[in-house]
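Peer 1: Mind looking over this structure? Questions follow.
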Amino acid sequence: MDVLKIAAFSDGNTGGNPAGVVIGEALPGVADMQRVAAEVGFSETAFAAPEGDVWRVRYFSPESEVPFCGHATIALGAALVRKFGDGIFRLTLNRADITVEGFRDGANFAAALQSPPTRSRPASAELVGEALALFGYQPGDLDPAIPPALIHGGADHLVLALKSRAALAAMAYDLRKGQSFMRREGLVTILLAHAETPRLFHTRNPFASGGVYEDPATGAATAAFAGYLRDLGWPHGGAIDIVQGEDMGMRSRLHADISSAPGSSIRVSGTARLMD
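So the sequence shown is residues 1 to 276, counted in the UniProt record's numbering.
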């Protein structure tokens with residue numbers, strides 16, 4: 001298979017989250033898609049094939065299929081622009097229908113996805129306690145303005161907001177313990193966030209469920225988080241910016257536009273660059 005390698009949500013010509021993209025006349029078999037994703041080794045590879053006037057898309061991490069991946073969708077948008085020119089492309093996922101819009105931006109690409117609908121609910125004290133223990137945090141490390149919650153924007157995540165940037169930078173955990181916890185609870189990632197301002201956040205995303213210690217840019221979790229901020233009545237002013245991957249040396253930038261309608265789609269955008 002011809003696999004394009006594209007870093008999504010890049011910071012100019014650097015950073016971003018690498019994704020594999022395979023565009024074909026038909027989707028390969030599940031075993032083949034899983035094998036290719038493991039060989040590529042990125043946190044996700046997107047596979048796309050035309051079905052009428054839409055694109056059928058599936059996403060695979062090195063160890064499992066995931067229902068939705070934001071950065072791989074941005075990468076797919078760049079790949080479709082590269083092949084067909086600027087436009088809006090309709091995508092059919094396993095559990096939702098979305099769009100991705102893309103256009104050339106000099107030597108790179110810019111793309112924006114419309115996420116599946118969002119929802120959120122409080123996380124139980126037991127779940128939060130186990131998550132804090134996984135990372136070695138204490139209850140006093142949490143930001144009370146953004147309570148722990150289970151959030152969804154195409155995939156399920158747990159969000160823990162931290163009071164200090166230093167606590168976020170100190171994140172560490174055991175991958176296998178994290179994998180067992182996240183798979184048992186049905187969590188694709190755990191989103192750790194720190195609010196520098198009401199509209200600027202720093203985040204980190206352990207992705208142990210997919211066999212990946214940390215993601216440098218996570219569009220699905222960003223969409224879910226933006227939807228949660230709307231549910232909270234957070235003073236987001238209609239949009240937030242996220243810096244992710246900085247502590248990994250892969251600084252990435254994500255932007256989310258937030259409409260006022262409860263549960264509605266979130267527009268997540270950023271730039272993408274072809275990798276050598």
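We put the beta carbon where it would ideally sit given N, CA and C, even for glycine.
With 16 other CB atoms within 10 Å as the buried threshold, where does ILE6 fall?
Peer 2: In the sequence shown, residue 6 corresponds to position 6, counting from 1. Looking at its Cβ environment, which holds 16 or more other Cβ atoms inside 10 Å, ILE6 is buried.
Peer 1: With a 10 Å radius around its C-beta and 16 neighbouring C-beta atoms as the bar for buried, classify GLU246 as buried or exposed.
Peer 2: Along the sequence shown, read from residue 1 onward, the residue named residue 246 stands at position 246. Result: buried.
Peer 1: Nearest CA to the CA of ARG121: which residue from LEU4, HIS236 and ARG230?
Peer 2: On the sequence shown, position 121 is the one that residue 121 refers to. Of the listed residues, the one whose Cα sits closest to ARG121 is ARG230.
Peer 1: Quick one: is ILE88 buried, meaning 16 or more other Cβ sit within 10 Å of its Cβ, or exposed?
Peer 2: Locating residue 88 in the sequence shown gives position 88, where the first residue counts as 1. Burial call: exposed.
Peer 1: Smallest Cα separation from SER43: which of ARG253, ASN205 and GLY227?
Peer 2: Looking up residue 43 in the sequence shown gives position 43. Nearest C-alpha to SER43: ASN205.
Peer 1: May I have the straight-line CA-CA distance separating ALA217 from GLY263, to the nearest angstrom?
Peer 2: Along the sequence shown, read from residue 1 onward, the residue named residue 217 stands at position 217. Along the sequence shown, read from residue 1 onward, the residue named residue 263 stands at position 263. One C-alpha to the other measures close to 23 angstroms.
Peer 1: Going by other Cβ atoms of all chains shown within 10 Å of its Cβ, with 16 needed for buried, is ALA111 buried or exposed?
Peer 2: The count along the sequence shown starts at 1 and reaches residue 111 at position 111. Counting Cβ neighbours within 10 Å, ALA111 comes out buried, since at least 16 surround it.
Peer 1: Return helix, strand or coil for ILE266, following the three-state DSSP convention.
Peer 2: Residue 266 sits at position 266 when you count from the first residue of the sequence shown. Note: ILE266 maps to coil in three-state DSSP.
Peer 1: Which residue marks the beginning of the beta strand (DSSP E) containing GLN244, and which one marks its end?
Peer 2: Position 244 of the sequence shown, counted from the start, is the residue given in the question as residue 244. Taken as a continuous stretch (DSSP letters only), the beta strand (DSSP E) holding GLN244 covers 239-244.
Peer 1: Give me the Cα-Cα distance between ALA8 and ALA78, rounded to the nearest whole angstrom.
Peer 2: Here residue 8 corresponds to residue number 8 of the sequence shown, with the count starting at 1. Here residue 78 corresponds to residue number 78 of the sequence shown, with the count starting at 1. Their Cα atoms are separated by approximately 9 angstroms.
Peer 1: From this set, ASN17, VAL3 and GLY41, which residue's C-alpha is nearest PRO28's C-alpha?
Peer 2: Looking up residue 28 in the sequence shown gives position 28. Answer by Cα proximity: VAL3.
Peer 1: Helix, strand or coil for HIS71, going by three-state DSSP, please let me know.
Peer 2: As a working mapping, residue 71 is identified with position 71 in the sequence shown. In the structure shown, HIS71 sits in a helix (DSSP, three-state: H, G or I).
Peer 1: Quick one, are the C-beta atoms of ALA75 and ALA223 less than 9 angstroms apart?
Peer 2: As a working note, residue 75 is residue 75 in the sequence shown. As a working note, residue 223 is residue 223 in the sequence shown. Not in contact: ALA75 and ALA223 (Cβ atoms no closer than 9 angstroms).
Peer 1: Contact between the region 185-202 and the region 46-54 is defined here as three or more beta-carbon pairs at a separation below 8 angstroms; is this criterion met?
Peer 2: Short answer: they don't touch.
Peer 1: Pick from ALA26, ALA133 and SER164: whose alpha carbon is nearest that of ASP143?
Peer 2: For this step, residue 143 is matched to residue 143 along the sequence shown. Per the Cα distances, SER164.
Peer 1: Should SER259 go down as buried or exposed, given a rule of 16 or more other Cβ atoms within 10 Å for buried?
Peer 2: Here residue 259 refers to the residue found at position 259 when the sequence shown is read from its first residue. The residue in question, SER259, is exposed, as its Cβ has fewer than 16 Cβ neighbours within 10 Å.
Peer 1: First and last residue of the alpha helix (DSSP H) that includes THR222?
Peer 2: Counting from one through the sequence shown, the residue named residue 222 turns up at place 222. Start and end: 219-232.
Peer 1: For PHE135, report the span of its alpha helix (DSSP H) as first-last.
Peer 2: Here residue 135 corresponds to residue number 135 of the sequence shown, with the count starting at 1. First-last of the alpha helix (DSSP H) with PHE135: 125-135.
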